[in-house]
Structure formats: structure tokens, C-alpha cells
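Student:
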Amino acid sequence: MIVRETLLGKKTARLPLWFMRQAGRYLPEYQAIRHNFSDFMAFCYSPKEATEVTLQPITRFDLDAAIIFSDILVIPDALGQRVSFKKNHGPVLEKYKIKNYVDVDDDSFSIDLAPVYEAISQTRAKLSKDKALFGFAGTPWTLACYMIEEGKSEHFSKIINHCSDKDFDVLLDLLTHKVTLHLKNQIKAGADVVQLFDSWAIKAPAEDRERLLINPFIKIAKAIHQDFPSTPIVYYSRGEASLSVAIARAVEEHLPDVPIALGLWQGVDFADITPHTTLPLQGNLDPELLLQGDEAMEIAAKKICSHMAERPFVFNLGHGIIKETPPENLTRLIRCVRGG
Ligand code: CP3
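According to the numbering used here, the sequence shown is numbered sequentially starting from 269.
1. Pick helix, strand or coil for residue 359, following the three-state DSSP scheme.
2. With respect to 7 Å, is the separation between the Cβ of residue 524 and the closest non-hydrogen atom of ligand 1 below this value?
3. Going by DSSP in three states, residue 505 sits in which element: helix, strand or coil?
4. Smallest Cα separation from residue 309: which of 540, 280, 503, 341?
5. Measuring alpha carbon to alpha carbon, tell me which of 567, 462, 548 ends up nearest residue 334.
6. In whole angstroms, what is the alpha-carbon distance linking residue 551 and residue 438?
7. Do you know how far the Cα of residue 487 is from the Cα of residue 371?
8. Between residue 315 and ligand 1, is the CB less than 7 Å from at least one heavy atom?
9. Could you work out which residue in 269, 422, 287, 275 is closest to residue 529 when comparing CA atoms only?
10. According to the Cβ coordinates, are residue 364 and residue 348 closer than 8 Å?
11. Cβ of residue 341 within 7 Å of any heavy atom in ligand 1?
12. Considering only heavy atoms of ligand 1, does any lie closer than 7 Å to the CB of residue 291?
13. Taking the continuous alpha helix (DSSP H) assigned at residue 354, which residues delimit it?
14. Give a single yes or no on whether residue 335 has its beta carbon closer than 7 Å to a heavy atom of ligand 1.
15. Give the straight-line distance between the Cα atoms of residue 343 and residue 446, rounded to the nearest whole angstrom.
16. Can you determine whether any heavy atom of ligand 1 sits closer than 7 Å to the C-beta of residue 352, and answer yes or no?
17. Taking 7 Å as the line, does the beta carbon of residue 392 fall inside it for any heavy atom of ligand 1?
18. Going by DSSP in three states, residue 300 sits in which element: helix, strand or coil?
19. So residue 558 and residue 602 are supposed to be a Cβ contact under 8 Å. How far apart are they, rounded?
20. When burial is assigned at 16 or more other CB atoms within 10 Å of the CB, is residue 450 buried or exposed?
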């Protein structure tokens, strides 16, 4: 399992690779199954179909890891803030009412999300032993953005106005607890690695980073490590290089023995991270370059690989695959990274 070994800080015979949103709309075989569901969340809660689409990119491209087909928004959904997807509009969440979520007990939360765990165990049983299976969750901050904004947002004004309230700490603590539970349940079901998505890290006011981003992450990682000491944890953020460096410092200070890796988006240059930490890294080719699929993509991929040649490194994109991407572009990129 070269992805897992690399994320544990070991050097492997070749560079491992997988792609964020590798199971998705750019694949015709995904669309064929997607069309059977009018409701995206119902698709997420169908273990047989979720297993099938999780394995599709592995079958087609022989990637080194699978990521379970699910969504970060299953957590608000299981807390009772129901999620729906409108065509070409992204997610829509019910009206935010914190008092309804605080009483959701762990057992009923885990029962609600049992289809996700069932998909993980079915996938793990079918996936070849040399390939890692990723479980995942959104970070408390990123989930809070969707919950308070009640969906996708342009300006994030509600969350920015609300994030210094007392109520907000109640939400952050609740999400820290439920994210930990969801990740532990996924590891129990068979996930080999877990990844946290902090897609909206960039919107957190810089002076509040510690409270909003770093402390919740450290709490989650510590709790996972207590029960599952050999499971690597990847923190992916769409934020500035200084945030990844701050996370690395906090890890060195509070969790020196925990296998944590940093996933970087394309807005961050590896050269701004590598001098400051020895943590394994993952990322960060621009998905727009993969969409184009030309020589510029190969040049950028080779540059990343050569910069990272001496370190534990997992090749990935800086964000998810864009839905218009021709699948052949992935074949070309994989050949380039694997040196064919
Ligand atoms: O292959 C994989 O990466 C595994 C599955 C996965 C999905 N979502 C499936 C999905 C993962 C890891 C996610 C994570 C996720 N979901 C994030 C974090 C990563 C990121 O993109 O920043 C976020 C913010 C979400 C929330 C979400 N889900 C949004 C904003 C959307 C709509 C986006 C869009 O492109 O329309 C989704 C829907 C979604 N999640 C799709 C898929 C394959 C597309 C929906 C469809 O098929 O109709």
C-alpha cells in the first residue's frame, strides 16, 4: 500500500498517485449510475452503487488509492439539517437551527450514516490489497460554512458575522466531536487513511485561525490517534501556505508521533512549505491544467515531482477534477508521473 506507507513517512519504490474527485461526473460510467438517482444524497446512502463508483476510477486508471464515494455534507444531514442538491446550483441546506443539532446522540448519528460505513466495508473487500482506501470528512470550519450559509455562498457574510459568537463555539465543538466519530466509524469499517477537507479555510479570519481551524484539527487528530495509532491523517486545506505551515508547527508541538500529512491546493507553492516541515505532502497540480491536458500539464507535473523527489510525497491535484475533463487527460498525466 504505497499511499499509506508514504503518508506514514516512508520512501517507496515509486511515486504514489490518486486524484481528488476521481469518482465523479467526468466519467461516463459514473454518469450512467448517477442518472438512476434524482437525489444525490440518496446516491451517497446506497452502498452498492457507492461501492461501484468508488471502484470505477481504479478499474479504469489503476490508481494507487480509492476514496469512498460520499460527501462532506452527510454530517449536517445526519445532524438533521437536511441537504439537497439542485441541478447546476450546488448544495442547499435547510434553515440553520443550532438547538436542533446539539441533542443528536452518537448512536443515532452513526445509525444514520451506516450506509457510508457499509459502502466502505464492501469497497475494502473488493479493492486490491495494495491499494489504500480513503475515508474522509469536512473540517468543523468548512462544515460550519455550509451549515450557516445554508449552502454554497458568494460572500460568506453570515459565517463571518457569526464566527465570533458564543453559539459558534457550541457548533465547532459539536462538529469536532461528530467529525471524530464519523472518521473513527470509517476506520472501523475498513478505511486505511482518513482525509479532512478544509475547503473554505481561506475564508477564516487570519487572527482566528487557531480557534477556528488549528485547535479543532488537533483535537480530532489526537482522538483518532488514541484509537487508531497507525492510521495516517491528511489535512487538506484550500488556504494560504502560512496556514499549512502553522498546522505543521502545531502538529510538531502537540502531536509529534501522529502520522499526519498535508494536502495542498494549487494556490500554494511547495517551495513555501518544504523548508518549514518534514511532514509528508500531497498535491497539488492545478485541475485546470488537467482539463487542458497538454504539454503545460506535463511540464507542471514534472516540476512538482522533481521538487518533491527526496520527500515522502503523494501526487494529486490541488482540488477536485473539473467535470468537463476528458478521461484521456488522466491517462496522459498518469503516464507522465509514472515516467512512462
Ligand atoms: O471521488 C471523490 O473525491 C469522492 C467523493 C467526494 C464527493 N465530494 C462526491 C461528490 C468527496 C471527497 C467530496 C468532498 C466534498 N464535497 C468537498 C470537499 C472537497 C472540495 O471539493 O472542496 C466539498 C466542499 C463538498 C460539498 C459538495 N458536494 C459540493 C459543493 C458539491 C457540488 C459541487 C459541484 O461540482 O457541483 C457536491 C456534489 C458532489 N460531491 C458531486 C460528487 C461526485 C457531484 C454531484 C453530482 O454527481 O451531481
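By construction, the Cβ of each residue, glycine as well, lies at the ideal position given by its N, Cα and C atoms.
Tutor: Quick answer:
1. strand
2. no
3. strand
4. 341
5. 462
6. 33 Å
7. 21 Å
8. no
9. 275
10. no
11. yes
12. yes
13. It is not in any alpha helix (DSSP H) - residue 354 instead sits in the beta strand (DSSP E) that spans 351-354.
14. yes
15. 8 Å
16. no
17. no
18. helix
19. Between residue 602 and residue 558 the Cβ distance is about 11 Å, and since that is not below 8 Å, they are no contact.
20. buried
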